[in-house]
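Enquirer: Take a look at the following structure, please.
2 protein chains.
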Amino acid sequence: MALWYDEVHEDKLRFGAKVKRTLFMGQSPYQKVSVFETEALGKALMIDDLWMCAEGDEIVYHEMITHVAMTTAKRSERVLVIGGGDGGTVREILSYPHVKHVDMVEIDAMVVEACKEHLPEIGRAWDDPRLHLSIGDGLAWVKQSHLEPYDIIIVDGSDPVGPAVGLFNEEFYRDCYARLSDDGILVTQAESPKLFREVHFSLIRTLKRIFPVVKPYYQSIMIYAGALWAWIYASKGRKHDDINDELMAFTENRSEFYNRDIHLGAFAVPNYIRRALAEDDKGN
Amino acid sequence: MALWYDEVHEDKLRFGAKVKRTLFMGQSPYQKVSVFETEALGKALMIDDLWMCAEGDEIVYHEMITHVAMTTAKRSERVLVIGGGDGGTVREILSYPHVKHVDMVEIDAMVVEACKEHLPEIGRAWDDPRLHLSIGDGLAWVKQSHLEPYDIIIVDGSDPVGPAVGLFNEEFYRDCYARLSDDGILVTQAESPKLFREVHFSLIRTLKRIFPVVKPYYQSIMIYAGALWAWIYASKGRKHDDINDELMAFTENRSEFYNRDIHLGAFAVPNYIRRALAEDDKGN
């Protein structure tokens, strides 16, 4: 029998998909993990009853979280991904032949196992020899000061409840800064500026205390509450529009959503966000 | 008792809001009209069980459908709005002091009456003496060849079911072309490129057979299914980036969402749409 599963926001809004069958449901030490086969969007992952990704709605998120950094970085041979348990982010990074080493640190083995088994199309690069998957705590990982610097760090965590709370703290981003090379770029998912306004702005403020270049960017994700979704681009100096033409040509040619215009257009900041950030700057 | 009201897409996806109370529910000769007080988004209008606008989620749509044309038009003194029964589109147009005459042609008196009574904050300009509201058929209106030309025509109709079907037909747009001044611009809402893909592409093709300049543009609307929403900019020659600096400065200063970067960024076309349009061009 078909059932509806909804992501419910503050018991006031909901986004639901009709589900043909449940493929996996488990409780890890961290969270509830479910994989459903939906009628509209193919197989989909929910964590703690929040939609994370679906076969029919994952491309935009994964292209936007990776290629903005990948096409602007001076170097992008060594990349660290924190979170990203569905494998979509490392799949996009590993699409570039020049990438040499990707560390992926995901706290929840159950997410990785469930996605490997049920969402293999999203995580197509699990067997790539350049990928080094560690099941562990991203916060502890970036404290290891002996690590060779990363060119890019991508924080692909879930919402700031449960195991991802630490991924919104200043100490974590200071450790990330220390793990980045001199030309390094960090990108983090940054929630909905409309429905999670405080989290979004607080993350921008946190990063501004650490990185000289901090720019939010935006795009629509159907299954994420609030329409506009946000990421933040932070670097030690590299600008978001210092695009490497060769890498952009390579990516534009294979991406389903992302291209140069989308990259540049995503950095357009709506007036209500621009004004709130200007207020911050006045306060400093 | 609180209830959930959902917009349901093909019995597969739904977007719902919890409703405190029903303010209006009626059946006009054209459609079912409902106004609810929602918990998350204030008062909201549904037509035939599809979300049209809400106090807490109408600004983006109304700013995007009006200001792109208003800031690029060579002249914008005479404007025609077809549809737009909630009054948000004419409110934005009439925010410019230089606008002299706005004809608004809405087919359904019940929509206007329900919105005037229950959503007065959205339609704040009903009493503006420059606004000339006609309850009638937009298709018949643009057939009147004696009309003084319009500088801008905005087609703010609902989905292509029920009374809005004709607003997706070539004959209607040919009549609009004939009613526009030599520098005229038409903007129409153009559905979700993801969930109403065929409607979206077919409308672009239709307009390309009539107007020399046709450019889709995109933005997120929370209460509209499919995340990205589309409009199409069509003109007799005026380019979408021929921005009038003075009007842009005026609008940027008062808009809640729209600004120059948002205007230009909205014209970034995702790869899957760009490729489909390129296929069309090859076919011609």
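If you read the protein sequences in the order shown, they are chains A and B. Going by our numbering, the letters in the first sequence line up with residues 1 to 284, in that order. Going by our numbering, the letters in the second sequence line up with residues 285 to 568, in that order. Note that beta-carbon positions come from the ideal geometry of N, C-alpha and C, so glycine has one too. Treat the numbers as computed from the prediction; the structure is a model and nothing was measured.
Can the beta-carbon of Tyr177 of chain A be found less than 7 Å from the beta-carbon of Ile210 of chain A?
Expert: It is a contact, given that the beta carbons lie within the stated cut-off.
Enquirer: Return the residues of the segment 114-148 of chain A that lie within a Cβ-Cβ distance of less than 9 Å from chain B, sorted by chain order.
Expert: Listed in sequence order: no entries.
Enquirer: Suppose the cutoff is 6 Å on Cβ atoms and the five residues either side in sequence are ignored; what does the same chain contact list for Gly310 of chain B look like?
Expert: Taken in chain order, the residues that qualify are Val317 and Met394.
Enquirer: Can you tell me where the beta strand (DSSP E) with Gly42 of chain A in it begins and where it stops?
Expert: First-last of the beta strand (DSSP E) with Gly42 of chain A: Gly42 to Ile47.
Enquirer: Would you list, in chain order, the members of the segment 497-513 of chain B that have their beta-carbon closer than 7 Å to a beta-carbon of chain A?
Expert: From the segment 497-513 of chain B, only Ser504, Ile505, Met506, Gly510, Ala511 and Leu512 have a Cβ closer than 7 Å to chain A.
Enquirer: Does DSSP put Lys100 of chain A in a helix, a strand or coil?
Expert: Three-state result, Lys100 of chain A: coil.
Enquirer: With a cut-off of 7 Å, does the C-beta of Asp435 of chain B fall near any C-beta of chain A?
Expert: Closer than 7 Å: no.
Enquirer: Given a cut-off of 7 Å on the beta-carbon distance, is the pair Ile47 of chain A and Ser158 of chain A in contact?
Expert: The answer is yes: Cβ separation under 7 Å.
Enquirer: Hey, is the segment 213-231 of chain A in contact with the segment 502-510 of chain B, meaning 3+ C-beta pairs nearer than 8 Å?
Expert: In short, these stretches touch, since the Cβ pair count reaches three.
Enquirer: Which residues in chain B sit within 7 Å of Tyr61 of chain A, going by Cβ to Cβ distance?
Expert: Correct list: empty, because the minimum Cβ distance to chain B is about 11 Å.
Enquirer: Between the Cα of Asp370 of chain B and those of B:Val363, B:Trp335, B:Val383 and B:Val352, spot the shortest distance and give me the residue it belongs to.
Expert: It is B:Trp335.
Enquirer: Using DSSP with H/G/I as helix, E/B as strand and the rest coil, what is Ser192 of chain A?
Expert: Three-state result, Ser192 of chain A: coil.
Enquirer: CB-CB under 7 Å to Ala190 of chain A, same chain, minus the five flanking residues each way: which ones, in chain order?
Expert: Once the five neighbours on either side are set aside, the close Cβ partners of Ala190 of chain A are His200, Leu203, Pro216, Ala230, Trp231 and Ile232.
Enquirer: CB of Leu548 of chain B to nearest heavy atom of the ligand ATP: below 6 Å?
Expert: Ligands in the displayed structure: none, and consequently the ligand ATP is not present.
Enquirer: At 4 residues or longer, and completely inside the segment 447-528 of chain B: list those alpha helix (DSSP H) runs for me, N to C.
Expert: Taking only runs of at least 4 residues, the alpha helix (DSSP H) segments lying wholly in the segment 447-528 of chain B are 454-463 and 481-492.
Enquirer: Quick check on DSSP: helix, strand or coil for Val33 of chain A?
Expert: Reduced to three states, the DSSP call for Val33 of chain A is strand.
Enquirer: Could you tell me whether the Cβ of Phe172 of chain A comes closer than 7 Å to any Cβ of chain B?
Expert: Not one chain B Cβ lies under 7 Å of Phe172 of chain A.
Enquirer: Can you list the residues of chain B that Gly287 of chain A reaches, using a CB-CB cut of under 8 Å?
Expert: Residue 287 of chain A lies beyond the residue range present for chain A, which begins at 1 and ends at 284; the question has no answer from this structure.
Enquirer: What number of angstroms, rounded off, separates the C-alpha of Asp387 of chain B from the C-alpha of Ile273 of chain A?
Expert: If you take the alpha carbons of Asp387 of chain B and Ile273 of chain A, they lie about 33 Å apart.
Enquirer: Please decide whether Asn537 of chain B counts as near chain A, where near means a Cβ-Cβ distance under 7 Å.
Expert: No, no contact with chain A.
Enquirer: For the candidate residues B:Ile419, B:Asp440, B:Lys520 and B:Leu329, whose alpha-carbon lies nearest to that of Pro313 of chain B?
Expert: Per the Cα distances, B:Ile419.
Enquirer: Can you say whether Pro496 of chain B is buried or exposed, counting buried as having 16 or more other CB atoms within 10 angstroms of its CB?
Expert: Answer is exposed; the Cβ neighbour count stays below 16.
Enquirer: Using only alpha-carbon positions, find the residue among B:Leu307, B:Glu323, B:Glu291 and B:Val449 that is nearest to His300 of chain A.
Expert: With chain A represented from 1 up to 284, any question about residue 300 of chain A goes unanswered, as that position is not in the structure.
Enquirer: Along the chain, where does the beta strand (DSSP E) that runs through Leu139 of chain A open and close?
Expert: Taken as a continuous stretch (DSSP letters only), Leu139 of chain A belongs to no beta strand (DSSP E), being part of the alpha helix (DSSP H) at Gly138 to Trp141.
Enquirer: If contact means a Cβ-Cβ distance below 7 Å, which residues of the segment 465-495 of chain B contact chain A?
Expert: Within the segment 465-495 of chain B, the qualifying residues are Lys478.
Enquirer: With a cut-off of 8 Å on the beta carbons, I'd call Asp182 of chain A and Arg78 of chain A a contact; round off their distance for me.
Expert: With a Cβ gap of about 13 Å, Asp182 of chain A and Arg78 of chain A do not count as contacting.
Enquirer: Going along the segment 14-36 of chain A in order, which residues come within less than 9 Å of chain B, judged by CB to CB distance?
Expert: Here the close residues are Arg14, Phe15, Gly16, Ala17 and Lys18.
Enquirer: Classify Gly372 of chain B as helix, strand or coil using the three-state DSSP reduction.
Expert: Looking at Gly372 of chain B - three-state DSSP - the assignment turns out to be helix.
Enquirer: From the beta carbon of Phe541 of chain B, is the nearest beta carbon of chain A less than 7 Å away?
Expert: Taking Cβ atoms only, chain A reaches closer than 7 Å to Phe541 of chain B, which makes this a yes.
Enquirer: If you reduce the DSSP assignment to three classes, tell me which class Phe299 of chain B lands in.
Expert: In the structure shown, Phe299 of chain B sits in a strand (DSSP, three-state: E or B).
Enquirer: Measure the C-alpha to C-alpha separation of Ala353 of chain B and Glu376 of chain B and round it to an integer number of angstroms.
Expert: In a straight line, the C-alpha of Ala353 of chain B is about 12 Å away from that of Glu376 of chain B.
Enquirer: Out of B:Leu464, B:Gly510, B:Gly367 and B:Ala409, state which residue places its alpha-carbon closest to the alpha-carbon of Gly446 of chain B.
Expert: The candidate whose alpha carbon is nearest that of Gly446 of chain B is B:Gly367.
Enquirer: Does chain A have any CB closer than 7 Å to the CB of Gly372 of chain B?
Expert: For Gly372 of chain B, the answer is no, since every Cβ of chain A falls outside 7 Å of its Cβ.
Enquirer: Find the residues of chain B that neighbour Pro270 of chain A, judging by a C-beta separation of less than 7 Å, and give them in chain order.
Expert: Under the 7 Å cutoff, chain B gives Phe541 and Ile546.
Enquirer: Under 7 Å between C-beta atoms, does Gly326 of chain B make it to chain A?
Expert: Taking Cβ atoms only, chain A never reaches closer than 7 Å to Gly326 of chain B, which makes this a no.
Enquirer: Considering just the uninterrupted stretch of the beta strand (DSSP E) at Ala283 of chain A, what are its terminal residues?
Expert: According to the sequence as given, residue 283 of chain A is Gly; it is not Ala. Premise fails: Gly283 of chain A lies in the alpha helix (DSSP H), Asn271 to Gly283, not in any beta strand (DSSP E).
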